Structures are given as C-alpha cells and as structure tokens.
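Going left to right, the sequence shown walks through residues 289 to 564 as this note's numbering numbers them. Below you'll find the structure, written out as structure tokens, and then a few comments.
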Amino acid sequence: MVILKRLYSVFHGHRSRTTKKKSRRWEQRRMPSKRHDCIGWEAAQVGTTLRHFYTTARAGAVRLSDGGGPFGFDVMVALLVDDLLRAYQFDAIIETGCFLGDTSDYLAHRYPDLPVRTCDINSEYALFTRRRLADQPNAHVDCLDSPDFVTWATSTYQRPLFFLDAHWGEAWPLQRELAAITRGVVLIHDFDIGHPRFAYDTYNGLVCGPQVLALMPEPPPVYFTPDPHADWPLPCLQVGRRAGIGVVSLGLDPEPLHEHPALICHELYSETVVTT
289 MVILKRLYSV FHGHRSRTTK KKSRRWEQRR MPSKRHDCIG WEAAQVGTTL RHFYTTARAG
349 AVRLSDGGGP FGFDVMVALL VDDLLRAYQF DAIIETGCFL GDTSDYLAHR YPDLPVRTCD
409 INSEYALFTR RRLADQPNAH VDCLDSPDFV TWATSTYQRP LFFLDAHWGE AWPLQRELAA
469 ITRGVVLIHD FDIGHPRFAY DTYNGLVCGP QVLALMPEPP PVYFTPDPHA DWPLPCLQVG
529 RRAGIGVVSL GLDPEPLHEH PALICHELYS ETVVTT
C-alpha cells in the first residue's frame, strides 16, 4: 500500500491487414504483409494515439515483467483498437484486470467520449486506479470479480469492446469471462499467437490460446491474431516481454476483422484443446 501511495503522487494533477486466407494454426506464414498506410485524417488520428500512448505513465513497472504501460507498452495494439473503433463504432470499452491503471488511463484519455469501464479484484489496485482516473468523467473503476463485471457489461452495452487482462494469480477467470460475453469484440492479452517473439500465459497446463476458445460454451468458428510481420505506421518500442493478442467477434459481424490488413484469420479446431 505504501508503494501505491507513492505512485499515486506521481499522477496527482500530472499527465506525464495482412492476408484474409484462413489457415491452420501452426503453419508458418511468409506472405508479404500489406502496408498499413494512413493519410490525412487517419494520420492525424495516429498522431493523437502516439501522443497519448507515450505520455501515459508506466506505473505497472513496479511489478510487471514488460515494464508496464498501455497494452504492455505495445503501440500496435493501440493502433488496432483505433481501427476497430472506427469499424465497429463501439458504445463502451470494457477492461478486466486494471492493476495500476496504465491501460485504463490511456483509454480514458484517448477516447474521452466513450465510457471506459474497468475492474480489479484487488481493492488496493482498484482504489489506486480510481484515484488516478479521478479527472476523467468517462472512466469508472469497480472492485469486482471480473466475470461478474463482464456479465454486467454485456447486459448494459450493445456493442462493447472487451480487453481481457485479468489473468493473474492462482485463479484464472478467463474462461468464465468469455462464457459471459454474448456480443462484442474481444481482445485477449497474453494470448499464444504461435510466434517466438510474443509471450503468452499458461495456467494449470492450459495455454492461453485457441485451446481456451475451444472450451467456450459456443466456440467461435474463427479467431484472429496480429500478423507479426505487418507494416504498421509506428514502430513498437517494447524491447522486453511482448504479449500476444487474440481477437474474436461474438454476436457481431466479424467481417471488419477479416478485412483488417494486419490480422490473420485462423479456423478454430476442437483438437486444439491440449495441455502442456
């Protein structure tokens, strides 16, 4: 708690598309990536994202192996969220597992006209993040078990974007979170994308990857991962641990995901349920 109080003093009044072809999960892809160009209005949006992303304080560095920062300090994920917001016109952004609020802080400032709801089961983390976001009227922080939080969000919003990052500690709520979502686009952090540069989590022998999706009550027929070789308009400056991201559309049209130049589509097979 002493560390959290010291960190809070830092923030008080201060702001520091590749191929659409479906393929099997573990195939190596050497297709040249389609350039993710941006001009005019889109270039201005990239500039706004860049400014907010790199001025968000990385409080998570006190504990996280990636050094903290929005989305584990991977600006490519921030750019992907920009694209998905334009394509889907989400009515809210829902995050689970806020920890010290790096991603929450970024989202609340980057999208001030959207509700940004986040939660953490740890009361100290939730309180810290709540104080950190006190100047953002669009942000709200709950101390709540994340599956209950996701259930509430699904019943409240029609087109939410979910960023699931509550998998920490002994209890792994991801399967219950996914089971509670009836509609929305879901980004799963620490997801196995089958590339050695991108880290993922494993809990009790179950990999955070397509295996988890296959265990859903109604598994999606396809899921998406970022193309590691995609040409984005900004470089990723994360030189440490870089987490993989899995993307699924539940109850919403997946076509914008199929059309995105930096996402790879994978068919989900039941035989992906394996343990390590």
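Ideal Cβ positions, reconstructed from N, Cα and C, are used throughout, including at glycine. Please read all numbers here as calculations on a predicted model, not as lab measurements.
- Within the same chain, ARG447, LEU449, VAL473, LEU540, PRO544 come within 8 Å of TYR376 by CB-CB distance, once the 5 residues on both sides are set aside.
- In its chain, beyond the 5 residues on either side, TRP520, CYS524 have a beta carbon closer than 6 Å to the beta carbon of MET364.
- Across the structure, GLU465 and ALA396 are spaced so that their CA atoms are roughly 22 Å apart.
- The beta carbon of PRO461 sits closer than 6 Å to the beta carbons of SER434, PRO435, ALA454 from its chain, once the five residues preceding and following it are set aside; these are given in chain order.
- For LEU475, there is no enclosing alpha helix (DSSP H); the residue is found in the beta strand (DSSP E) stretching over 472-477.
- DSSP places ASP433 outside both helix and strand once states are collapsed to three, so it counts as coil.
- Residue environment analysis places ARG405 among the buried positions, since at least 16 neighbouring C-beta atoms fall within 10 angstroms of its C-beta.
- Distance from ALA468 to ASP478 at the Cβ level is roughly 19 Å; contact not present, criterion being Cβ atoms closer than 8 Å.
- Rounded to the nearest angstrom, the gap between the Cα atoms of GLY389 and PRO505 is 31 Å.
- Taking a contact as a CB-CB distance under 8 Å, the pair THR337 and LEU367 counts as one, their CB atoms being some 6 Å apart.
- According to the DSSP secondary-structure assignment, ARG405 is paired through a beta bridge with ILE382, HIS428.
- With a beta-carbon spacing of about 6 Å, PRO514 and ALA550 fall inside the 8 Å limit used to define contacts.
- Our two residues, ARG351 and ASP393, have alpha carbons roughly 17 Å apart in a direct line.
- The shortest C-alpha to C-alpha distance from THR470 to any of VAL438, ALA531, CYS407, PRO425 is the one to VAL438.
- Per DSSP, TYR511 lies in no alpha helix (DSSP H) segment; the continuous beta strand (DSSP E) that holds it begins and ends at 510-514.
- For GLU555, the enclosing beta strand (DSSP E) has its first and last residue at 551-555.
- With respect to VAL535, PRO508 sits apart: the two C-beta atoms are not nearer than 7 Å.
- Rounded to the nearest whole angstrom, the CA to CA distance from ALA422 to TYR399 is 15 Å.
- Listed as beta-bridge partners of VAL334 by DSSP are no residues whatsoever.
- Between THR343 and LEU452, the CB-CB gap reaches or exceeds 7 Å.
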